[in-house]
Amino acid sequence: MFYPPLLMIFMLIFLVLAIFLFAFLQVGVIGLAFAKLGLPPQYLFGLLMATLLGSMVNIPIAQLESEELVHDEIVSYFGMRYRVPKIIRPQKTVLAINVGGALIPLLISVYLMLKINYVILPVLVTGLVALVSNRLARPVPGMGIAIPALIPPIIAAVGALILSPAEIRAPIAYIAGTMGTLIGADLLKIKELRHLAAPVASIGGAGTFDGVFLSGIIAVLLS
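Using the working numbering, read the sequence shown as starting at 337 and increasing by one per residue.
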């Protein structure tokens with residue numbers, strides 16, 4: 337399934353951010369930051385573009401049975417208006433995983449975990465971000481689960497600054513910001529999706545992709 341998780345204007349803004357970072361890469365500023373993050377600097381632009389383009393690809397993994405929805409419908413009869421309950425029969429919600437907002441960040445996070453050879457600190461900060469994300473995430477009828485975009489990356493950055501040694505702050509901020517958002521806002525809220533009557537609900541897609549993407553940007557800047 338191909339569709340963007342955000343309005344095109346926001347996708348263009350994220351594209352400009354990626355080009356901005358690529359320009360700094362050419363003068364070595366972001367290259368050094370990406371090296372500290374634990375990823376080869378020459379892969380920066382490719383990873384950011386893969387994330388943006390991959391955000392339009394959703395891989396179906398399951399189907400959820402939606403509940404019946406009841407709402408009132410106004411019926412006019414001989415000039416009189418009556419409020420009649422109308423039942424919307426349950427439809428199936430396709431549960432998908434977003435390539436740019438979930439799969440790519442997951443692979444990068446696994447790579448960084450192996451690279452830094454730390455377990456407790458990433459899990460601790462990720463758990464903090466997941467807890468906050470879960471509290472702030474709200475179901476949006478017809479769309480899925482949404483969360484304020486800047487909160488997860490800020491919590492991840494602050495947690496990494498306070499709890500982590502300087503040399504691994506950036507990788508931990510990335511891991512916690514991306515995985516914490518996906519776990520707290522998407523995975524722990526899956527049961528609520530059947531109440532939203534959304535045709536497609538994507539893990540890492542609409543509602544959470546912006547938070548995941550910004551976590552990567554802030555992690556690079558943090559380094």
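The C-beta atom is built at its ideal place from N, Cα and C for all residues, glycine as well.
Please report the straight-line C-alpha distance between residue i and residue j, rounded to a whole angstrom.
i: L499; j: I490; result: 14 angstroms
i: V393; j: G540; result: 11 angstroms
i: A438; j: A386; result: 12 angstroms
i: E528; j: M449; result: 30 angstroms
i: I487; j: G547; result: 8 angstroms
i: I511; j: E401; result: 32 angstroms
i: Q362; j: A432; result: Note that Q362 scores a pLDDT of 45, beneath 50, so its modelled location is shaky; the value from the coordinates is reported in the next line. In a straight line, the C-alpha of Q362 is about 36 angstroms away from that of A432.
i: V446; j: L497; result: 21 angstroms
i: I481; j: G543; result: 6 angstroms
i: R505; j: A493; result: 8 angstroms
i: F545; j: A509; result: 16 angstroms
i: L557; j: L460; result: 22 angstroms
i: L464; j: E503; result: 20 angstroms
i: Y379; j: I395; result: 24 angstroms
i: P340; j: P535; result: Its pLDDT being 48, under 50, P340 is placed unreliably in this model, and the coordinates cannot settle the point.
i: G495; j: T462; result: 9 angstroms
Looking only at its chain, what residues have a beta carbon closer than 7 angstroms to the beta carbon of residue i, apart from the 5 residues adjacent to it on each side?
i: P484; result: L472
i: I440; result: A386, T387 and G390
i: L550; result: A485, L486 and P489
i: P458; result: M449, I508, I511 and A512
i: F522; result: One point to set straight first is that residue 522 is Asp, not Phe, in the sequence displayed. Taken in chain order, the residues that qualify are I481, I539, G540 and T544.
So the alpha helix (DSSP H) residue i belongs to, where does it begin and stop?
i: A537; result: Segment V536 to I539 is the beta strand (DSSP E) holding A537; no alpha helix (DSSP H) there.
i: G543; result: Careful: G543 lies outside any alpha helix (DSSP H) and carries neither H nor E.
i: G513; result: R505 to T517
i: A466; result: I456 to L472
i: L499; result: I487 to L499
Spatial neighbours of residue i within its chain, please: CB distance less than 6 angstroms, with the 5 preceding and 5 following residues excluded, ordered by chain position.
i: A466; result: G516, I519 and G520
i: V435; result: G390 and V393
i: A537; result: T429, L431, G480 and L529
i: I532; result: Ile is not the amino acid found at residue 532; the sequence shown has Leu there. Result list for L532: P475 and P477, in chain order.
i: V468; result: I491
With a threshold of 8 angstroms on Cβ separation, who are the neighbours of residue i within its own chain once the five nearest residues in sequence on each side are excluded?
i: K428; result: Q399, L400, E401 and S402
i: K525; result: N470, A473, P475 and I481
If we count the other Cβ atoms within 10 Å of its Cβ and call it buried at 16 or more, is residue i buried or exposed?
i: P507; result: buried
i: V455; result: exposed
i: V365; result: Reliability fails at V365, whose pLDDT of 46 lies under 50, so the model's placement of it is uncertain and the value that follows must be treated cautiously. Its Cβ having fewer than 16 others within 10 Å, V365 is exposed.
i: Y413; result: Low local confidence applies: a pLDDT of 46 at Y413 is under 50, so the model's placement there is unreliable, with the coordinate-based value given in what follows. The residue is exposed, with fewer than 16 neighbouring Cβ atoms inside 10 Å.
i: L443; result: exposed
i: I397; result: exposed
i: A555; result: buried
i: P501; result: exposed
i: G382; result: exposed
i: G552; result: buried
i: T514; result: buried
Tell me which residue opens and which closes the beta strand (DSSP E) that residue i is part of.
i: K428; result: K428 to N434
i: A484; result: Correcting the residue identity first, residue 484 is Pro in this sequence and not Ala. No beta strand (DSSP E) holds P484; DSSP gives it neither H nor E.
i: P441; result: From DSSP, P441 is part of no beta strand (DSSP E) but of the alpha helix (DSSP H) over I440 to I452.
i: L400; result: N394 to E401
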